[in-house]
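S.K.:
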Amino acid sequence: MPIRWSLTYVMIDQAEKKKKHVDTFVYELGFQQPTSEKCDQMILMKLTANEWKHVGLFASLLAQNFSSDAGPTLHLALPALEALHKAWDSHAIQSK
Numbered sequence: 010m011p012i013r014w015s016l017t018y019v020m021i022d023q024a025e026k027k028k029k030h031v032d033t034f035v036y037e038l039g040f041q042q043p044t045s046e047k048c049d050q051m052i053l054m055k056l057t058a059n060e061w062k063h064v065g066l067f068a069s070l071l072a073q074n075f076s077s078d079a080g081p082t083l084h085l086a087l088p089a090l091e092a093l094h095k096a097w098d099s100h101a102i103q104s105k
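The sequence shown maps to residues 10 to 105 in this note's numbering.
1. Taking three-plus beta-carbon pairs below 8 Å as touching, is the region 50-68 in contact with the region 21-33?
2. For Q50, which three-state DSSP category applies?
3. To the nearest angstrom, report how far apart W61 and F34 are at their CA atoms.
4. Should L90 go down as buried or exposed, given a rule of 16 or more other Cβ atoms within 10 Å for buried?
5. Using the Cβ count rule (16 or more neighbours within 10 Å means buried), how would you classify Y3?
6. Look at M51 and Q42 and say whether their C-beta atoms are less than 8 Å apart.
7. Nearest to K29 by alpha carbon, out of K47, T57, S99 and S45?
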């Protein structure tokens, strides 16, 4: 599935700006689960302060790769995004 990085950036940027709301949403969603086990699993999905820090850094990196005062930057952004996607995939496989 192709990744639409500009939409990914918007989503990450908005999540970071509204992190209190995102955290509250995940926390409250956890309490709506039918079992305590599922509740615990959902609450564990709430991002830690360190994970939010990484979200901010990632949003900053994407913003830098998508913007320039000197001219078009898409040719620079695409390889950077492909490298980030590869790193994400690698990390996801290692985390399992």
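C-beta: ideal position from N, C-alpha, C; glycine also. Here the structure is a predicted model, which is why all the values come from computation and not from measurement.
M.R.: In brief:
1. yes
2. In the sequence shown, residue 50 corresponds to position 41, counting from 1. Of the three classes helix, strand and coil, the one that applies to Q50 here is helix, per DSSP.
3. Residue 61 sits at position 52 when you count from the first residue of the sequence shown. Residue 34 sits at position 25 when you count from the first residue of the sequence shown. When rounded, the distance between both Cα atoms is 15 Å.
4. Against the sequence shown, residue 90 aligns to sequence position 81. It is buried - the Cβ of L90 has at least 16 other Cβ atoms within 10 Å.
5. Only positions 10 to 105 of the chain appear in the structure, and residue 3 is not among them; the question remains open.
6. The sequence position of residue 51 within the sequence shown is 42, counting from 1. The sequence position of residue 42 within the sequence shown is 33, counting from 1. Yes, they are a contact pair.
7. Here residue 29 is taken as the residue at index 20 of the sequence shown, counted from 1. The candidate whose alpha carbon is nearest that of K29 is T57.
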